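Worksheet for the structure shown next.
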Amino acid sequence: MPGGTGNLTGEPFPRAAREALGNAQLRRNLGKATGTIRAKRARVVAELPDWDGLRAAGAAIKDEVLAGLDTHLLRLEQELTERGTTVHWARDAEEANRIVTDLVAATGSREVIKVKSMATAEIGLNEALAEAGISAVETDLAELIVQLGDDRSSHILVPAIHRNRAEIRDLFLREMPDVDPALTDDPRALAEAARAHLRRKFMTVDVAVSGANFAVAETGALVVVESEGNGRMCLTLPRTLISVVGVEKLVPRWQDLEVFLQLLPRSSTGERMNPYTSVWTGPTEGQTAHVVLVDNGRTATLADPDGRAALRCIRCSACLNSCPVYERAGGHAYGSTYPGPIGAVLSPQLTGVDRNPTLPYASSLCGVCYDVCPVAIDIPSMLVHLRERVVQAKPVTPESAAMRGLAWAMTSPGRWRRFLRAGRLGRLLGGRRGVIGRMPPPLAAWTDTRDLPRPPEQTFQDWWESR
Amino acid sequence: MRVALFVTCLVDGLFPQVGKATAALLERLGHEVVVPRGQTCCGQMHVNTGYAEQAVPVIRNHVRAFADADVVVAPSGSCAGSIRHQHAKVAAQHGHARLAERAEEVAGRTYELSEFLVDVLGVTDVGAYFPHRVTYHPTCHSLRVLGVGDKPLRLLREVRGIDLVELPGAETCCGFGGTFALKNSETSAAMLADKMSAVLSTGAKVLTAGDSSCLMHIGGGLSRLRSGTRALHLAEVLAGVAR
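Quick note, the sequences are listed as chains A and B, same order. Under our numbering, the first residue of the first sequence is numbered 488, with each subsequent residue one higher. Under our numbering, the first residue of the second sequence is numbered -1, with each subsequent residue one higher.
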């Protein structure tokens, strides 16, 4: 099964994290933003007496989808087709981009307006369209900010979480034609400027590209949930609508939405309900509708019994907002459209671990991501599983040799005790304060920031026997 | 009760005082402590770093060492968590069904120290005296893998002379994470910095927790800062033997 392509890989995590770690302002912004949304989420989740039941239901429905993905997909295709939507299948990012580019080119339009969509970000659609001379305009405010800044998104829900108001004002002044030169960094003024800019696009561009939060197999309905309503403008005004949908976005039945429309807004924005939910079943009058169903590594992920639960993800970002690693390192460190804990398990599975070997290690395994996940993805266990696959894919390294050596010592109590006794040699490194201070590599990775205790004269077991 | 102590590799080799405190505490409560000679390590570092296959013989060694124990107590939430949630799973995944079964049996009799005191012995007042300002960090594996809840705090609240203060953001990871502290040392250090400022903001002279690994990390940072605040294991506070 082919691996996924597109925007799923980047620099090694430890190196990519360095930039955010060195930027105190960015760390403060991130800490404040995630802290606020964390508290909101906790409050609205606590309101529901049946949250655990909802969470279990969400997980069960998604598992049902994954167990019968082939059948559900064929049903969806049939329902979509019967209602006048043309269905396309794409194996990977390149194929999906080619399909969409050809469809847009056939309309003769050189511009498309876009509904916020992770799938199109994943496959790098905007870049592919640009190569074909077609410009894609993001209509989600945060996505627009990222796009105008020629920047990368750093959060699933809040793509411009790393930007502050002053930066956004400067960006608008520079990139938006006809913007009021006296624009201030007041959030209302900024939103109004974006609104005027987008309004011109809504009224003139005749092709739209969307994703879908859910696709209902039994009715062929597509669902988009959003906060601003700009997506709805794209879904209704243009004469051609192309929706790019990951194959795991399915739910079997209409009634399943009852579960997810409670789980998703509370987990993502900390709201009881999102302001706009758009549902459409087939094209409206005079409209042409296409759906591109994208695999891009998903069936390869499905083939792994210990990893497939990652496909339950409904892209809420609760795990990002809770993760202490994400909060310090920022979203760009993950090098993928999907940052944070879910990205650390999803990206390596979509691409294959060989193309993303540092992401499974980008976690302290503290487990808070599992606690907050609305579809109960056991991310920590999955990370450990993926680490095993990373190790298996590598030849002998100094690390693997050391691990083997340690395991060899640990399987014989006698060897182990001799090993621990040898640790006493470390006493020579102890300084006057009775601790080991700064040391050269490889110890530096520890001792650059932390003292080590001076090893004791006697191990516990030796003391126990001598007492 | 006859209690088999699993001291953990870190306590055995680097923090023997924690093992001594645990044994002293259990003996003071009237129990017989044994230290099975065959014990080495639970293999958690191997499993969590991706070397589960290499961990299988380590798990076998652990299971053999504690096969005859009535009850196993470890002064570590993460090692107890590893025994309870990883041993049988790793053995089964690598095709050792019999070992998985035996590991499950040992896991069923294994407790982290605070769980053992509160759940099994039904004690919260262990007769300790510790006249210092103390703050408690609930380590991630105690909190989320084992779910020890407020048991350590219930034990600490009964300590005489103690001035127990709440740690802001207590449930946030300190950034240790085993080999994470080495592989992502800069991110780990950033997490540690925030944890240390939370600890120092309490004015506590002692930071306590149920895991020597996290304490080695936070304590190592506090020592580098020459902060005057020490990191002591929960067992040391409860034994009331710390200076």
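All C-beta atoms in this analysis are idealised placements derived from N, C-alpha and C, irrespective of residue type, glycine included. Nothing here was measured: the structure is a model prediction, and the numbers come from that model.
If you draw a straight line from the alpha carbon of residue i to that of residue j, how long is it in whole angstroms?
i: Val734 of chain A; j: Gly147 of chain B; result: 40 Å
i: Gly822 of chain A; j: Glu609 of chain A; result: 11 Å
i: Val871 of chain A; j: Ser74 of chain B; result: 20 Å
i: His231 of chain B; j: Gly830 of chain A; result: 35 Å
i: Leu119 of chain B; j: Pro739 of chain A; result: 50 Å
i: Arg937 of chain A; j: Arg639 of chain A; result: 34 Å
i: Leu737 of chain A; j: Phe701 of chain A; result: 6 Å
i: Val694 of chain A; j: Val779 of chain A; result: 15 Å
i: Pro847 of chain A; j: Gln91 of chain B; result: 19 Å
i: Val746 of chain A; j: Ala544 of chain A; result: 7 Å
i: Asn843 of chain A; j: Ala615 of chain A; result: 23 Å
i: Arg502 of chain A; j: Met690 of chain A; result: 44 Å
i: Asp627 of chain A; j: Gly718 of chain A; result: 7 Å
i: Arg919 of chain A; j: Pro943 of chain A; result: 15 Å
Tell me which same chain residues have a C-beta within less than 6 Å of the C-beta of residue i, skipping the five on either side of it?
i: Glu630 of chain A; result: Lys603, Pro646
i: Phe13 of chain B; result: Ser210
i: His139 of chain B; result: Gly75, Ser76, Gly79
i: Ala708 of chain A; result: Val766, Thr768
Are residue i and residue j touching if we call contact CB-CB under 7 Å?
i: Ala816 of chain A; j: Thr185 of chain B; result: yes
i: Val862 of chain A; j: Lys549 of chain A; result: yes
i: Leu213 of chain B; j: Ala207 of chain B; result: yes
i: Gln52 of chain B; j: Met890 of chain A; result: yes
i: Gln37 of chain B; j: Ala63 of chain B; result: yes
i: Ala507 of chain A; j: Leu513 of chain A; result: yes
i: Thr764 of chain A; j: Val712 of chain A; result: yes
i: Asn808 of chain A; j: Arg515 of chain A; result: no
i: Gly910 of chain A; j: Arg941 of chain A; result: no
i: Val877 of chain A; j: Gly48 of chain B; result: yes
i: Thr838 of chain A; j: Leu495 of chain A; result: yes
i: Ala233 of chain B; j: Thr20 of chain B; result: yes
i: Val574 of chain A; j: Glu564 of chain A; result: yes
i: Ala849 of chain A; j: Ile648 of chain A; result: no
i: Leu180 of chain B; j: Gly219 of chain B; result: no
Taking 7 Å as the threshold (beta carbon to beta carbon), is residue i in contact with chain B?
i: Ala504 of chain A; result: yes
i: Thr936 of chain A; result: yes
i: Arg911 of chain A; result: no
i: Val832 of chain A; result: no
i: Trp538 of chain A; result: no
i: Leu907 of chain A; result: yes
i: Met890 of chain A; result: yes
i: Pro943 of chain A; result: yes
i: Tyr813 of chain A; result: no
i: Leu751 of chain A; result: no
i: Val871 of chain A; result: yes
i: Cys853 of chain A; result: yes
i: Glu875 of chain A; result: yes
State buried or exposed for residue i, treating a residue as buried only when at least 16 other CB atoms are found within 10 Å of its CB.
i: Pro928 of chain A; result: exposed
i: Asp743 of chain A; result: buried
i: Leu24 of chain B; result: buried
i: Ser804 of chain A; result: buried
i: Glu875 of chain A; result: buried
i: Asn651 of chain A; result: exposed
i: Ala683 of chain A; result: exposed
i: Pro489 of chain A; result: exposed
i: Arg241 of chain B; result: In this prediction, Arg241 of chain B has a pLDDT of 42, which is less than 50 and means its spatial position is unreliable; what the coordinates show is noted afterwards. With fewer than 16 other Cβ atoms within 10 Å, it is exposed.
Residues in the same chain with beta-carbon distance under 7 Å from residue i, minus the five sequence neighbours each way, listed in chain order, please.
i: Met43 of chain B; result: Gly176, Thr177
i: Gly238 of chain B; result: Ala126, Tyr127, Phe128
i: Thr934 of chain A; result: Ile923, Gly924, Arg925, Met926
Please report whether the beta-carbon of residue i lies at a distance below 7 Å from any beta-carbon of chain E.
i: Gln948 of chain A; result: Considering every chain present, this structure includes no chain E. Its protein chains are A and B.
Give every residue of the same chain whose Cβ lies closer than 8 Å to the Cβ of residue i, excluding the five residues on either side of it in the sequence, and list them in chain order.
i: Gly901 of chain A; result: none
i: Val45 of chain B; result: Ala53, Ser80, Gln84, Val88
For chain A, find out if any of its Cβ atoms is closer than 7 Å to the Cβ of residue i; answer yes or no.
i: Thr200 of chain B; result: no
i: Leu180 of chain B; result: yes
i: Met194 of chain B; result: no
i: His29 of chain B; result: no
i: Asp244 of chain B; result: This structure gives no information on residue 244 of chain B, because the portion of chain B shown stretches from -1 to 241.
i: Pro150 of chain B; result: no
i: Thr52 of chain B; result: What sits at residue 52 of chain B in the sequence shown is Gln, not Thr. By this cut-off, Gln52 of chain B is an interface position.
i: Glu184 of chain B; result: yes
i: Tyr109 of chain B; result: no
i: Ala188 of chain B; result: yes
i: Val33 of chain B; result: yes
Taking 6 Å as the cut-off, is the CB of residue i close to at least one heavy atom of the ligand FMN?
i: Met488 of chain A; result: This structure lacks the ligand FMN, and indeed carries no ligand of any kind.
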